[in-house]
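Number of protein chains: 2
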Amino acid sequence: MDDKAFAQITQSSYAALQTVREVKLKSKVPGKTYLAFEKNGNFSRAINADLWSPDELNRFPNFQEALTKRDFLDFEATDITKLLYTQAASVFAYIDLWKRSQKTPGTYFEILIHYLFAKILGVTPRKHITISTFDGRESKLPTDLVFDLGQGKSKFHVPVKTSTRERIIQVWAHQRVIDGVHGTGAIKGVPVMFAETKTDSNNHEVIEICLPLQWQLYQRYISQMTRIYYFDLPDAYAELPHAPTPIQVKPIGDFFSEFSSL
Amino acid sequence: MDDKAFAQITQSSYAALQTVREVKLKSKVPGKTYLAFEKNGNFSRAINADLWSPDELNRFPNFQEALTKRDFLDFEATDITKLLYTQAASVFAYIDLWKRSQKTPGTYFEILIHYLFAKILGVTPRKHITISTFDGRESKLPTDLVFDLGQGKSKFHVPVKTSTRERIIQVWAHQRVIDGVHGTGAIKGVPVMFAETKTDSNNHEVIEICLPLQWQLYQRYISQMTRIYYFDLPDAYAELPHAPTPIQVKPIGDFFSEFSSL
Numbered sequence: 000m001d002d003k004a005f006a007q008i009t010q011s012s013y014a015a016l017q018t019v020r021e022v023k024l025k026s027k028v029p030g031k032t033y034l035a036f037e038k039n040g041n042f043s044r045a046i047n048a049d050l051w052s053p054d055e056l057n058r059f060p061n062f063q064e065a066l067t068k069r070d071f072l073d074f075e076a077t078d079i080t081k082l083l084y085t086q087a088a089s090v091f092a093y094i095d096l097w098k099r100s101q102k103t104p105g106t107y108f109e110i111l112i113h114y115l116f117a118k119i120l121g122v123t124p125r126k127h128i129t130i131s132t133f134d135g136r137e138s139k140l141p142t143d144l145v146f147d148l149g150q151g152k153s154k155f156h157v158p159v160k161t162s163t164r165e166r167i168i169q170v171w172a173h174q175r176v177i178d179g180v181h182g183t184g185a186i187k188g189v190p191v192m193f194a195e196t197k198t199d200s201n202n203h204e205v206i207e208i209c210l211p212l213q214w215q216l217y218q219r220y221i222s223q224m225t226r227i228y229y230f231d232l233p234d235a236y237a238e239l240p241h242a243p244t245p246i247q248v249k250p251i252g253d254f255f256s257e258f259s260s261l
Numbered sequence: 000m001d002d003k004a005f006a007q008i009t010q011s012s013y014a015a016l017q018t019v020r021e022v023k024l025k026s027k028v029p030g031k032t033y034l035a036f037e038k039n040g041n042f043s044r045a046i047n048a049d050l051w052s053p054d055e056l057n058r059f060p061n062f063q064e065a066l067t068k069r070d071f072l073d074f075e076a077t078d079i080t081k082l083l084y085t086q087a088a089s090v091f092a093y094i095d096l097w098k099r100s101q102k103t104p105g106t107y108f109e110i111l112i113h114y115l116f117a118k119i120l121g122v123t124p125r126k127h128i129t130i131s132t133f134d135g136r137e138s139k140l141p142t143d144l145v146f147d148l149g150q151g152k153s154k155f156h157v158p159v160k161t162s163t164r165e166r167i168i169q170v171w172a173h174q175r176v177i178d179g180v181h182g183t184g185a186i187k188g189v190p191v192m193f194a195e196t197k198t199d200s201n202n203h204e205v206i207e208i209c210l211p212l213q214w215q216l217y218q219r220y221i222s223q224m225t226r227i228y229y230f231d232l233p234d235a236y237a238e239l240p241h242a243p244t245p246i247q248v249k250p251i252g253d254f255f256s257e258f259s260s261l
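Chain order of the listed sequences is A and B. Residue 12 in numbering that gives the first Met the number 0 sits at position 13 of the first sequence, with consecutive numbering throughout. Residue 191 in numbering that gives the first Met the number 0 sits at position 192 of the second sequence, with consecutive numbering throughout.
This is the structure we're talking about:
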């Protein structure tokens, strides 16, 4: 998808949501409130009300210009997080209510991260790493996005998930294989996640499912992630930069001021 | 479940299957043929026709005696594989056709492996490993079955899956954490799997999904499995003991003659 397609899907998803009812959900997550859209009794996924900022969507064309110039001086990191959260949440909610059977939010999220990272880093990602064996054969390990900025420059392994739960261990394990093949630090692990909310389908209560102690073990014993970015960062993970085994988990907006130093 | 319960579920599952139709499936797996049971248009999972041996089920009480004595001189390894395959496949097919919504074959398979290994090894498994951190706190890593035979004796990490696909990387990753915490070789990785078949729901064609090259990478770069046992061993994995990075993948029947030397 190109700039125009993203501008269009943003506009049309948000416009569609304006035709249905916005409802408040019951939050079981301390300090967070959630809304959802409802159409004929069906609910969209939970949307974090503090990050949901339709006004920011007006700045989406300006943000796309900034992406092209790789210059974000006009944007605060928190504004970028809100803008991108609202963009993705609009499309997800639209898919939830109108296209549930045909498209998956996970596929859209990967396309969005592909777009953002390719614009910023200036290269097209691959979706595997090539592994040469001692006896001269090559094999391929399928991965999420791998960005190679060129000889002597940074390389990033960017797994993309709308939410993780216990499947997250795959991310550290893939990184371990990549470290083994190419050397530790050669290709940096930078996963991007949307949120960790789960909504009870009966009473519409929203919880967050987080496993910070297990993440500590994975970072300590399997491999090391350079950054982990969230569109809606859970508090339990926001504390991990200060944990006994620190993990740099941050809101997605922070990426745009620090990408050149990663 | 105790000896009696296993004898009973074996008998009643097989008896139930005798009341429905046995059909031949179309096999896309070279050298293997498959059958299934059909009830009112619903099909059970695919069953490997060469391993399916209802006659062997008559020996199930004798096998349970052998388990209790830990003496398998009356059984060939291939007979044990057929006996256990037929036992598990009967229960799975019964669940598929009569209890699909209430019970899962995965849960039954874990109970069966729990039973077999606990009888053989003489200890009750735990379902987590405890991890002490440098600052004195303890955390728990949930795992599949962990058998500890006592001080100075063998310890086994036994993940159990009816089939694996790409989720298998979790098994090597958990083993890596265990190796990191307790030292490499302290707790041996011995996963047990049922089969890797997948049946097309439209035309009932059976395929096997295997990723032997990826297993090689996991064994080389993440951690090392001591054994991997299958009830229905795919040919692609049967070759792995002779691969550049050998992995000892074997039929489940072999376990009963080699468990004391693992």
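Just so you know, even glycine gets a beta-carbon here, dropped at the ideal spot from N, CA and C. Treat the numbers as computed from the prediction; the structure is a model and nothing was measured.
Contact check, residue i vs residue j under 8 Å by CB: the rounded distance?
i, j, result
"A/Phe258", "A/Ile110", "Not quite, the Cβ-Cβ distance comes to about 19 Å (not below 8 Å), so this is no contact."
"B/Thr77", "B/Gly252", "6 Å"
"A/Val122", "A/Phe146", "6 Å"
"A/Thr244", "A/Gln218", "5 Å"
"A/Thr84", "A/Leu50", "Position check: residue 84 of chain A holds Tyr in this sequence, whereas Thr was assumed. Correct: roughly 4 Å between the Cβ atoms."
"B/Ile94", "B/Lys81", "So it is not a contact: roughly 20 Å between Cβ atoms."
"A/Phe254", "A/Tyr228", "6 Å"
What's the C-alpha gap between residue i and residue j?
i, j, result
"A/Thr31", "A/Ala194", "Sequence check: residue 31 of chain A is Lys here, not Thr. Distance between the alpha carbons of A/Lys31 and A/Ala194: 12 Å."
"A/Asn57", "B/Tyr107", "54 Å"
"B/Ser100", "B/Asn47", "24 Å"
"B/Gly184", "B/Phe155", "10 Å"
"A/Arg73", "A/Asp234", "Note on residue identity: the sequence assigns Asp, not Arg, to residue 73 of chain A. When rounded, the distance between both Cα atoms is 27 Å."
"B/Ser26", "B/His203", "9 Å"
"A/Leu96", "A/Gln17", "12 Å"
"A/Gln86", "A/Lys126", "24 Å"
"A/Val28", "A/Thr198", "11 Å"
"A/Pro250", "B/Ile168", "28 Å"
"B/Val19", "A/Gln10", "56 Å"
"A/Arg226", "B/Asp54", "58 Å"
"A/Glu37", "A/Thr67", "36 Å"
"A/Leu239", "A/Val248", "7 Å"
"B/Phe230", "A/Pro211", "36 Å"
"A/Met224", "A/Gly188", "5 Å"
"A/Lys152", "A/Gly40", "51 Å"
"B/Gln213", "B/His241", "15 Å"
"A/Ser200", "A/Ser52", "25 Å"
"B/Gly135", "A/Ile246", "20 Å"
"A/Met192", "B/Gly182", "32 Å"
"B/Ile89", "B/Arg166", "In the sequence on display, residue 89 of chain B carries Ser and not Ile. Taking the straight line from one Cα to the other gives about 25 Å."
"B/Leu261", "B/Ile8", "30 Å"
"B/Ser347", "B/Glu21", "Residue 347 of chain B is absent from the model: chain B starts at 0 and stops at 261."
"B/Ile79", "B/Gln150", "30 Å"
With a Cβ-Cβ cutoff of 8 Å, do residue i and residue j count as a contact?
i, j, result
"A/Ala35", "A/Leu24", "yes"
"B/Pro124", "B/Pro158", "no"
"B/Leu140", "A/Leu140", "no"
"B/Pro104", "B/Phe116", "no"
"B/Leu148", "B/Ile112", "no"
"A/Arg175", "B/Arg175", "yes"
"B/Thr59", "B/Ala65", "Looking at the sequence itself, residue 59 of chain B is Phe, so the reference to Thr does not match. Against a cut-off of 8 Å, the Cβ pair of B/Ala65 and B/Phe59 comes out as no contact."
Could you name the residues of the same chain whose beta carbon sits closer than 7 Å to that of residue i, not counting the 5 residues immediately before and after it, in chain order?
i, result
"A/Ile177", "Ile128, His156, Ile186"
"B/Tyr114", "Met0, Phe5"
"A/Arg69", "Ile119"
"B/Ala45", "Leu24, Tyr33, Ala35, Thr196, Thr198, Val205"
"A/Thr142", "Lys126, His127, Ile128, His156, His173"
Taking 8 Å as the limit between beta carbons, can you name the residues of its chain near residue i, skipping five residues before and five after?
i, result
"B/Ala172", "Ile221, Ser222"
For residue i, which residues of its own chain have a beta-carbon under 6 Å away from its beta-carbon, when the five flanking residues on both sides are left out?
i, result
"A/Ile206", "Lys27, Lys197"
"A/Gln63", "Asp2"
"A/Val170", "Pro158, Pro190"
"A/Ser138", "Ile130"
"A/Leu232", "Pro250"
"A/Ser43", "Ala35, Phe36, Ala92, Asp95, Leu96"
"B/Thr160", "Rather than Thr, the amino acid found at residue 160 of chain B in this sequence is Lys. For B/Lys160, where only same-chain residues beyond five positions count, the Cβ hits under 6 Å are Met192."
Please specify which runs of the alpha helix (DSSP H), each continuous and at least 4 residues long, are wholly inside the stretch 112-184 of chain A, giving them in chain order. For the alpha helix (DSSP H) assignment, the uninterrupted runs of no fewer than 4 residues enclosed by the stretch 112-184 of chain A are, from N- to C-terminal side, 168-181.
Which full runs of the beta strand (DSSP E) of 3+ residues lie inside the stretch 7-47 of chain B, going along the chain? Complete beta strand (DSSP E) runs here, min 3: 20-26, 33-38.
So within the stretch 173-254 of chain B, which uninterrupted beta strand (DSSP E) runs reach at least 3 residues, ignoring any that extend past its ends? Listed in chain order, the beta strand (DSSP E) runs fully inside the stretch 173-254 of chain B are 196-198, 204-207, 227-229, 248-250, counting runs of at least 3 residues.
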